[in-house]
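Colleague: Next up is a structure, given as structure tokens.
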Amino acid sequence: MADRRAAGEEGGDGGTNSSTTSQSRLSDVDEYGFQRPPDFDYATYEEFMSRYLTVLARRARKWAHLLGARETVGRGVKLKRYVRKGIPMKHRGKMWLEVSGARQQMSLRPGYYRAMLAGAPLGEEVQEAIRVDLPRTFPDNIHFRQVTQDAQVTQGKLVSLNNVLSAFCRHNAGIGYCQGLNYIAGLLLLVTNDEESSFWLLCVLTDSLLPDYYTSTMVGVLTDTRVMEALVKERCPLVWRHVEHYGLTWDLLVTKWFVCLFAEVLPIETVLRIWDCLFYEGNKVLMRVALALVVTNEAEILKAQDFGDIVKCFKKITQDANAIDCHSFMETVFKVSGSFPRARLAKLRDSCMEQVLAESKK
Amino acid sequence: MAQRTSVQRPSGGGQGKICQFKLVLLGESAVGKSSLVLRFVKGQFHEYQESTIGAAFLTQTVCLDDTTVKFEIWDTAGQERYHSLAPMYYRGAQAAIVVYDITNQDTFGRAKTWVKELQRQASPNIVIALAGNKADLANKRMVEYEEAQTYAEENSLLFMETSAKTAMNVNDIFLAIAKKLPKSDNSATGSQREGMTLRPSDPTPGPAGCCK
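This is the structure:
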């Protein structure tokens with residue numbers, strides 16, 4: 236999913252690879268409907284997929300056995316392990332609802348989504364902001380293509396996306412519409428294939444998992460960027476100094492990672508694996524992923540010898556072969572980030588948020 | 039649609055001086071900031087360009103007489119709530135393109151606010167260009183050319199109407215900026231690496247390099 240944009244962003248510096256488009260057995264549209272870009276590295280992807288298919292088959296068997304005829308599962312060490320190894324696509328939407336608590340909220344308030352959908356007209360400004368972003372959400376995905384009649388979008392995921400985002404604005408007027416939510420809601424729709432489920436998952440994300448991310452000041456994003464910087468400084472001081480030396484700030488490098496929860500940043504399969512953990516374990520996994528990306532690519536980052544090279548390097552490490560191999564990637568994420576006490580993270584967040592708020596008052 | 043336009047590329051060795059400039063694009067959401075950059079850097083245009091989150095970074099090099107000018111471009115997100123991030127991008131920038139959409143009067147108002155903010159808070163010598171984009175949609179025009187031109191003159195801005203779709207004036211506006219940027223002579227080394235740009239914590243101290 237990040238691929239088309241990648242092709243547009245790499246600048247005039249080439250970036251060719253030895254893909255073998257014509258010989259590939261893979262379609263130029265992936266299983267989620269994303270058009271593969273002309274420079275898609277089929278060779279690397281096929282090599283990964285040939286290994287990953289075995290993993291997927293094994294996980295499918297395990298999950299079938301775990302779930303049996305049940306629709307629900309209790310929390311526990313076993314489930315956590317299962318989630319970290321990836322929820323099969325077949326169960327993903329339902330399990331996200333289940334483990335995040337969204338299903339419970341949904342059943343407590345039947346009809347709420349429909350009421351939000353049919354609520355009072357939105358303010359002109361927010362309506363316009365959504366309208367403008369709809370066709371700019373995953374334009375490279377076949378499910379998000381415009382099907383218009385008399386300038387009205389009439390079918391497909393764009394209608395659903397409009398519905399979910401509008402209903403969400405009425406549900407949480409404080410947040411309203413924040414750019415980035417279009418990609419998140421869009422991906423939720425692709426996975427759940429259901430507006431109401433996507434709405435409730437979006438509510439869980441913004442109400443409890445990432446409470447300050449999408450507010451008018453985006454203080455949560457600014458805070459977590461700073462938390463990440465503090466962790467990098469501690470775990471990877473050379474990288475921290477390197478970035479500092481070239482006059483870069485961490486906001487410049489990683490804002491999008493946090494805003495989009497890695498959607499439109501990492502390859503789609505990898506994003507979904509991260510979201511599996513996000514819905515089960517909470518927002519800590521975002522910090523783990525961010526940190527692991529830096530730690531595992533330390534040598535690469537240190538090699539970059541100017542401002543522009545570093546920015547491009549931070550882009551490259553989210554799209555290289557390691558990022559594509561989602562299974563090894565997630566194993567590495569948990570191995571590298573290691574023990575990550577919740578209390579410590581909470582404390583770090585508090586102090587970083589204090590700084591952010593103090594600076595914004597200046 | 040994807041053919042390269044007439045931006046001159048550096049021909050390798052034997053060049054004169056090399057200058058590196060930081061340029062930022064600002065403006066309301068969906069006025070075409072990313073499209074202008076995509077046209078300038080890759081010669082491409084997408085009818086539906088993905089909304090930019092945070093900012094995107096790109097580079098492009100143009101040749102101007104015997105000088106090679108390398109632009110480091112920050113293409114920023116337009117939505118108001120990303121505003122608090124904007125100073126990070128224009129801090130230390132030597133040039134800015136403030137973009138509005140000629141079919142939308144509000145975006146012109148927003149562009150004026152950006153210009154004011156830059157005049158107040160960016161580097162005092164920053165070169166600011168105003169781009170009235172979507173000039174191909176002249177039948178839906180809501181901002182008159184003369185109105186924008188007068189405003190630009192009053193504020194000493196470069197001004198062009200552009201179309202990322204048809205490529206009209208896209209290279210021209212970047213070239214006009216490159217021409218207006220100061221290029222001193224003490225940089226015949228050809229080194230691109232250090233001291234070429236104004237950055238708060240750049241390791242090279244003092245007014246070294248060619249692009250101060």
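Keeping their order, the protein sequence lines are chains A and B. Numbered according to the working numbering, the first sequence spans residues 236 to 597. Numbered according to the working numbering, the second sequence spans residues 39 to 250. Glycine included, every Cβ here is placed at the ideal spot set by N, Cα and C. Bear in mind that the values here come from a model prediction, so they are computed numbers and not experimental data.
Assuming residue 267 of chain A and residue 425 of chain A are in contact, meaning their beta carbons sit under 8 Å apart, how far apart are those beta carbons, in whole angstroms?
Modeller: A Cβ-Cβ separation of about 5 Å places residue 267 of chain A in contact with residue 425 of chain A under the 8 Å criterion.
Colleague: Give the DSSP-derived three-state secondary structure of residue 257 of chain A in the structure shown.
Modeller: In this prediction, residue 257 of chain A scores a pLDDT of 49, lower than 50, which makes its location untrustworthy; no coordinate-derived value is stated.
Colleague: May I ask which residues mark the beginning and end of the beta strand (DSSP E) holding residue 460 of chain A?
Modeller: Counting along the chain, residue 460 of chain A falls outside any beta strand (DSSP E), though it belongs to the alpha helix (DSSP H) covering 454–470.
Colleague: With a Cβ-Cβ cutoff of 7 Å, do residue 529 of chain A and residue 587 of chain A count as a contact?
Modeller: no
Colleague: Between residue 593 of chain A and the rest of its own chain, which residues show a CB-CB distance below 7 Å, the 5 nearest in sequence each way excluded?
Modeller: Counting only residues of its own chain and dropping the five nearest sequence neighbours on each side, residue 593 of chain A has no CB closer than 7 Å to any other CB.
Colleague: Locate the beta strand (DSSP E) running through residue 123 of chain B, then write down its first and last residues.
Modeller: Neither: residue 123 of chain B is in no beta strand (DSSP E) and is coded neither H nor E.
Colleague: Which partner residues of residue 270 of chain A appear in the DSSP bridge assignment?
Modeller: A:264
Colleague: Taking all protein chains shown into account, do 16 or more other C-beta atoms lie within 10 angstroms of the C-beta of residue 597 of chain A, making it buried, or fewer, making it exposed?
Modeller: exposed
Colleague: Quick one: which residues of the region 173–197 of chain B get their C-beta closer than 9 Å to a C-beta of chain A? List them in chain order.
Modeller: none
Colleague: In chain A, which residues lie less than 8 Å from residue 91 of chain B when you measure between Cβ atoms?
Modeller: 414, 415, 418, 490, 491, 494, 495, 499
Colleague: DSSP on residue 309 of chain A, reduced to helix/strand/coil?
Modeller: coil
Colleague: Between the beta-carbon of residue 368 of chain A and the beta-carbon of residue 270 of chain A, is there less than 7 Å?
Modeller: no
Colleague: If you follow the beta strand (DSSP E) that residue 198 of chain B is in, where does it begin and where does it stop?
Modeller: 196–199
Colleague: Counting C-beta neighbours from all protein chains within 10 Å, is the total for residue 107 of chain B 16 or more, i.e. buried, or is it exposed?
Modeller: buried
Colleague: Quick check: what's the CA-CA separation for residue 256 of chain A versus residue 127 of chain B?
Modeller: Model confidence at residue 256 of chain A stands at a pLDDT of 46, short of 50, so the residue's coordinates are unreliable and nothing is read from them.
Colleague: When the Cα of residue 69 of chain B is compared with those of B:114, B:80, B:55, B:97, which residue comes out closest?
Modeller: B:114
Colleague: What first and last residue would you give for the beta strand (DSSP E) that runs through residue 57 of chain B?
Modeller: 56–65
Colleague: Need the endpoints of the beta strand (DSSP E) that residue 110 of chain B sits in, please.
Modeller: For residue 110 of chain B, the uninterrupted beta strand (DSSP E) segment begins and ends at 105–114.
Colleague: Which of the three DSSP states, helix, strand or coil, is assigned to residue 145 of chain B?
Modeller: Residue 145 of chain B falls in the helix class under three-state DSSP.
Colleague: What does the alpha-carbon distance come out to for the pair residue 223 of chain B and residue 103 of chain B?
Modeller: Below a pLDDT of 50, predicted positions are generally treated as unreliable, and residue 223 of chain B, at 48, falls in that range; the measurement from the model is reported next regardless. Cα-Cα distance, rounded: 13 Å.
Colleague: Residues of chain B with CB closer than 8 Å to the CB of residue 371 of chain A, please, in chain order.
Modeller: 68, 86, 87, 88, 89
Colleague: By DSSP's criteria, residue 135 of chain B is part of a beta bridge. Which residues make up the other side?
Modeller: B:63, B:167
Colleague: According to DSSP, is residue 527 of chain A helix, strand or coil?
Modeller: helix
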